[in-house]
Every structure is written in C-alpha cells, then in structure tokens.
Amino acid sequence: MKKIRKFFKYDNVGLLFALPAFIYMLVFVGYPIVSNIILSLQNVTVKNLTHGERLFVFLDNYKELIQDDVFRKALWNTIEFTVVCLVFQFLIGFALALFLNKKFSFAKPVRGLLMIPWMIPMTVTALVFKLLFAGDIGIINYLLRSMGLIRENIDWLTSPQTAMSVVIAANVWIGIPFNTILISTGLTTIPQEVYESASIDGAGKVQTFFKITLPLMRSTIESVLVLGFIYTFKVYDLVYVLTQGGPVNSTHLLSTYSYKQSFELFNYSMGSAVANVLLVILLAVGSFYLKITMAEEER
C-alpha cells in the first residue's frame, strides 16, 4: 500500500489521468492495427470470413501485390497525387499567408472566409466538384465554351487523361486553408525587429524573404509539409465520391484500392495488405519527422 501511495505521489499522479486515454488508444487504435496485420498474413475471403478455417499464408499476399498491376498503378497514383497536391497547396498557401500577414482592413474576414473549404465536409466538396466538372451540365465546360476555348464538352471525370487532374484540383482546394493558417501562424512568430534591421542594412524584399523568412520558418515549413503529406497520402472519401478509382483505374489510390479489395472483391486479406503498405509508408514519414524535430530540439 505504501508503494502505491509513493508511486502516485507528486508527478506520477499524471499517469493515472493518462490511463483512460491510453486504454482508449489501445482498444480503438492498437487492436485494429494488430488485427489488420494478422489478417493480411492469412487467406480470408467472403467464403471463410465467419465460417471455415483461416490459413496463414504469411507474406504471400504481399508477394501477390507486388505482381499486381493495379496495385502498382495505385501506388504510383498515390505518390503522384500527394506530391502534386503538396506543391500547389504549399505554394498557394504560402503566397496567401504572406498576403494576409500584411495589415489591411479586411485581413481577418478574408482569413475567416479562407477556412470555409477546410470546414466543409470532404464528401460535400467532392459532390460540388463533381457538378462543376460534369460532362453535359458542368459549369467548367460551360465557361470554356463561352470563351471559345473548346467546341465540345470535355469528359473530365470519365477520361483517364483528365480525371486525376480534377481529383488533384479538388484536394488542393481543400488543403490551401490548412497551409495558409499554419504558415500565417509561423510568420507571426518572426520578430519585426529582424525585418527592420535588414531594411536598415539595405536588404531588399527578395533578399529578406530568402535570407530571413525562409530560414526562420524552417520548422513550420517542415511541419506543414509532413502533416500535409500524411493527410493527402491517406485521402479516400474525396476520390471515391468523384471517380471511385476510375476510369480504368486511373485514379485508384492505395486507400481506394484497399476498399475495393475488401468490400467489392471481398478479398479481405489483400485489402488488409494494401492498407498495411499505406500504414508503413506513413509510419516511415512520421518517424522521419519526429527524428528531425528531436534533432532540432537538441541544438
């Protein structure tokens, strides 16, 4: 009894308050991950999901994935989708953050309006873009025809050449506010005295940006890029509502292909294997980010 009282004395009492959160994470995060890993090592389909013997095939599902053309296409699509979205989200978000960092009358209202795309549910945004880029009644085709840029409607969502562009555009629209707000917050941490000193020394705006703003914003930029990578790499609902991975698998990502294997083809083990590939990549990126963060704190 004395040992228990001694353990919860002083700072150790915080562990007791953290215990409910730990149990929650263990049950609702840890157990599904472990269960999914075990499932990917078995041969589970709709035939033996509830009845029948589940045989362990170990890494056979992963070997089959490597030889699967659709999986390789989905992996490449996911990388392309993530990189392109990150570039446009970051550049546009940075430009807007620099603009909103200036003092003018409507800075706060404009900053609030920019958050609307981020606050709207992703499925709603997907439906809006589906209407915008519809073949016959889409506003985009109407505007392009009105300006004389096209003569016939473009099948944006049913053509392999244009479908991914629409998906990327929709995700960029959603991610810009996130980048803008985080970068704006980072800009406010830079002392104005630094800029004043640079101005006195004769530094121009371009020199100030590359020599002061970017170096002092390094930690913020790293956070924005890593978080943006994680959010973008696992996107599912946006793609599923817009294209469901089509046409001809041209917009399949790892997330949508995992769903297709599990709930359309009822090959649950293969779906789990695809999800685990997604998990490993995100864990690697997260670990890399933590390593960078810890290294900077030690300096």
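In this text, residue positions in the sequence shown follow the working numbering: the first is 38, and each later residue adds one. Every residue gets a Cβ at the ideal spot worked out from N, C-alpha and C, and that includes glycine.
Host alpha helix (DSSP H) of residue i (start-end)
i, result
"Glu-117", "106 to 137"
"Ser-183", "176 to 183"
"Arg-148", "144 to 151"
"Asp-97", "97 to 103"
"Pro-69", "68 to 77"
"Phe-166", "159 to 169"
Own chain residues within Cβ distance below 8 Å of residue i, not counting five before or after
i, result
"Leu-76", "Tyr-305, Ser-306, Ser-309"
"Tyr-232", "Thr-245, Ile-249"
"Val-107", "Asn-286, His-289, Tyr-294"
"Ala-144", "Leu-137"
"Asn-190", "Gly-172, Asp-173, Gly-175, Asn-178, Arg-182"
"Thr-25", "The structure shown has nothing for residue 25, since the chain only spans 38 to 336."
"Pro-201", "One point to set straight first is that residue 201 is Met, not Pro, in the sequence displayed. Around Met-201: Asn-114, Glu-117, Phe-118, Ser-287, Thr-288."
"Leu-56", "none"
Own chain residues within Cβ distance below 6 Å of residue i, not counting five before or after
i, result
"Val-285", "Pro-197"
"Ile-339", "An answer regarding residue 339 cannot be provided, because it is not within the stretch 38 to 336 covered by the chain."
"Thr-160", "Asp-274, Val-278"
"Thr-115", "Leu-290, Leu-291"
"Phe-131", "Ile-220"
"Val-204", "Val-276, Leu-279, Thr-288"
"Arg-148", "Leu-137"
"Thr-269", "Thr-119, Cys-122"
"Thr-195", "Pro-284"
"Glu-301", "none"
Same chain, Cβ closer than 7 Å to residue i, neighbours up to 5 away in sequence not counted
i, result
"Lys-337", "In this structure the chain extends from 38 to 336, so residue 337 is not present and cannot be described."
"Phe-93", "Leu-78, Gln-79"
"Lys-110", "Asn-286, His-289"
"Gln-298", "Asn-304, Met-307, Gly-308, Val-311"
"Thr-199", "Ile-191, Trp-193"
"Asn-85", "Arg-91"
"Val-81", "Arg-91, Tyr-305, Ser-306"
Beta-ladder partner(s) of residue i, from DSSP
i, result
"Phe-93", "Gln-79"
Cβ-heavy atom distance, residue i to the ligand NAD, below 6 Å
i, result
"Ile-176", "Here there are no bound small molecules, and the ligand NAD is not part of this structure."
query: Can you give, in chain order, each stretch of the alpha helix (DSSP H) that sits fully within the stretch 224 to 253 and has at least 4 residues?
result: Counting whole runs of 4 or more residues, the stretch 224 to 253 contains the alpha helix (DSSP H) stretches 229 to 237, 242 to 245.
message: At 3 residues or longer, what runs of the beta strand (DSSP E) sit wholly inside the stretch 257 to 293?
response: You should have found no qualifying run.
- prompt: Pairing CB atoms from the stretch 124 to 138 with CB atoms from the stretch 159 to 178, are three or more of them under 8 Å?
  reply: In this structure the stretch 124 to 138 does not touch the stretch 159 to 178; the number of beta carbon pairs closer than 8 Å is below three.
query: Is the stretch 91 to 104 in contact with the stretch 185 to 193, if contact means three or more CB pairs nearer than 8 Å?
result: The stretch 91 to 104 is not in contact with the stretch 185 to 193.
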